[in-house]
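Undergrad: Before I ask anything, here is the structure I am working with.
2 protein chains.
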Amino acid sequence: MARVVVDVMPKPEILDPQGQAVANALPRLGFDGVTTVRQGKHFELEVADDVDDATLAKIAETFLANPVIEDWVVRRVDA
Amino acid sequence: MARVVVDVMPKPEILDPQGQAVANALPRLGFDGVTTVRQGKHFELEVADDVDDATLAKIAETFLANPVIEDWVVRRVDA
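For the record, the sequence lines run as chains A and L. Going by our numbering, the first sequence opens with residue 1373, and the numbers climb by one from there. Going by our numbering, the second sequence opens with residue 1373, and the numbers climb by one from there.
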């Protein structure tokens, strides 16, 4: 059993209203020094050992991310 | 300017319908071997160099995660 993490983020040119809202709220609430906040999705998968990287890439591209507006990174982590 | 990543995940005892939906859909669509999918949030922050770890921990706990139902990890990454 392997653990796989997929991080999905809006592409840089895509607006990110959720991240923007956090970034705007922080100074009002006394936290200065945070210039940018971008919010994306974080998936943790448990997969059988025989699932290869090509399959993982396909799963990420097809089900976890929207390739039109999002970038994503797939990485295996130690269990 | 430092880059900080905060990953927020539902606690293990909390149901995760979004992750469940992905996990259930995969075998139907021809991808076997994925046993668990959990979905959380991934934040990328750019912060000034004088923002210390205690402040980052406070920001994550207060604004990015809901401590009642979520776990979170704060880490600095190389720019």
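We treat Cβ as the ideally placed atom computed from N, Cα and C, and that holds for glycine. None of the values given here were measured: they were computed from a predicted structure.
Take the Cβ of I1431 (chain A) as the centre, count every other Cβ of all protein chains shown within 10 Å, and call the residue buried at 16 or more, exposed below.
TA: buried
Undergrad: Just to confirm my understanding: we take F1415 (chain L), look at its own chain, exclude 5 residues before and 5 after, and list those with CB closer than 6 Å. What are they?
TA: Within the same chain, F1415 (chain L) has close Cβ partners V1378, L1436.
Undergrad: Pull up the distance between the alpha-carbon of K1413 (chain A) and that of R1375 (chain L), whole angstroms please.
TA: Take the alpha-carbon of K1413 (chain A) and the one of R1375 (chain L): they are about 17 Å apart.
Undergrad: Among the candidates L:E1442, L:L1428, L:L1387, L:P1399, whose CA atom is the shortest distance from the CA of M1381 (chain L)?
TA: L:E1442
Undergrad: I'd like the list of long-range same chain contacts for R1410 (chain L), defined as Cβ closer than 8 Å, with 5 residues on each side in sequence excluded.
TA: M1381, P1382, D1388, G1391
Undergrad: Could you give the first and the last residue of the continuous beta strand (DSSP E) run that contains T1407 (chain A)?
TA: Segment 1406-1419, the beta strand (DSSP E) holding T1407 (chain A).
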